[in-house]
Amino acid sequence: MFMDTRTSLCENPVIIADREAWEEIHLKDAGTIEVEIGFGSGEYLLRRASQYPDRLFIGIEKKPGMITEVAKRVASHNLNNIRLLESCARDAFTDLFPACSISRAYSLFPDPWPKRKHSKYRLFSTQYLRLLNNRLVSGCEALIVTDSEDYCNWMLKQLPDTGFEVENSTIPPQFDTRFERKWLKQEFSTFFRILLKKTQHIEA
Ligand SMILES: C[S@@+](CC[C@H](N)C(=O)[O-])C[C@H]1O[C@@H](n2cnc3c(N)ncnc32)[C@H](O)[C@@H]1O
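For the sequence shown, this note's numbering begins at 16 and goes up steadily by one.
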């Protein structure tokens, strides 16, 4: 779950390298907490953190290379309200975040796993959506944007009994992340947005 502490970059205080560093965040007293799942190159995370300096931003990403790259950028932008966690989002939500602790969560272009036999790897299953619901503060929102209509439709089917009211629409590019730019180059100009509002608390 935590980054290998032998890596010297773990000395970068932006990276949550172990449970002790996690406890030091004092989540309960941290105020408004936003979580980005699979932040990749971190453009959106950095932008939001600069826009809302009084909020704490926790980025979760399973690729160590992205963690070290983004940690350097966080330091060079002098942002002290971002922490990065190398983990699968499912494990981080299960083991680290208590119920009702997150005010906003988002995932831009989550891996769509387009092959049918790989759909079991898709993150936003009913089970994960119930966990996400549990960790969100009541009335708060989670935003998912995907380039894949198939993944969007699959997520919509996962949503019953997850305690969310859903708003879905197609949207133009607006996040300027690496993957959004990649799709734009391939002339995709419409993406699928799912906005989830927590209307009922789910025990998970
Ligand atoms: C398609 S990329 C999108 C990256 C970025 N959000 C963007 O818009 O450029 C998906 C990212 O999610 C990360 N990821 C996939 N599954 C994950 C999981 N279960 N937990 C955390 N990160 C995950 C991948 O490592 C990858 O960086």
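Beta carbons are placed, not taken as given, at the ideal position from N, Cα and C, and that holds for glycine.
Buried or exposed (CB count within 10 angstroms, at least 16 for buried), residue i
{"i": "asparagine 149", "result": "buried"}
{"i": "arginine 122", "result": "First, the amino acid is wrong: residue 122 is serine here, not arginine. So serine 122 counts as buried."}
{"i": "glycine 74", "result": "buried"}
{"i": "proline 129", "result": "exposed"}
{"i": "glutamate 39", "result": "exposed"}
{"i": "proline 125", "result": "buried"}
C-alpha distance - residue i paired with residue j, whole-angstrom precision
{"i": "leucine 99", "j": "isoleucine 117", "result": "15 Å"}
{"i": "lysine 43", "j": "glutamine 201", "result": "43 Å"}
{"i": "lysine 172", "j": "threonine 83", "result": "36 Å"}
{"i": "lysine 197", "j": "proline 79", "result": "21 Å"}
{"i": "leucine 158", "j": "leucine 210", "result": "5 Å"}
{"i": "alanine 32", "j": "lysine 212", "result": "31 Å"}
{"i": "alanine 12", "j": "histidine 41", "result": "Only positions 16 to 219 of the chain appear in the structure, and residue 12 is not among them; the question remains open."}
{"i": "glycine 154", "j": "alanine 104", "result": "21 Å"}
{"i": "lysine 135", "j": "alanine 120", "result": "22 Å"}
Local conformation of residue i per DSSP, three classes
{"i": "cysteine 103", "result": "coil"}
{"i": "glutamate 180", "result": "strand"}
{"i": "serine 65", "result": "helix"}
{"i": "phenylalanine 190", "result": "coil"}
Proximity to residue i [Cα-Cα], best of the options
{"i": "arginine 88", "options": "Tyr59, Tyr67 and Phe108", "result": "Tyr59"}
{"i": "serine 204", "options": "Ser102, Asp176 and Asp162", "result": "Asp162"}
{"i": "proline 28", "options": "Gly53, Asn96, Lys77 and Glu49", "result": "Asn96"}
{"i": "methionine 170", "options": "Gly46, Asp69, Ala107 and Gln142", "result": "Gln142"}
{"i": "serine 1", "options": "Leu61, Gly53 and Asp106", "result": "Within the shown structure, residues of the chain are numbered from 16 to 219, placing residue 1 beyond reach of any answer."}
Discussion item. Extract the residue ranges of the beta strand (DSSP E) inside the region 70-151, only unbroken runs of 3 or more that lie entirely within it.
Written reply: As far as the region 70-151 is concerned, its whole beta strand (DSSP E) runs of at least 3 residues are 71-76, 97-101 and 117-123.
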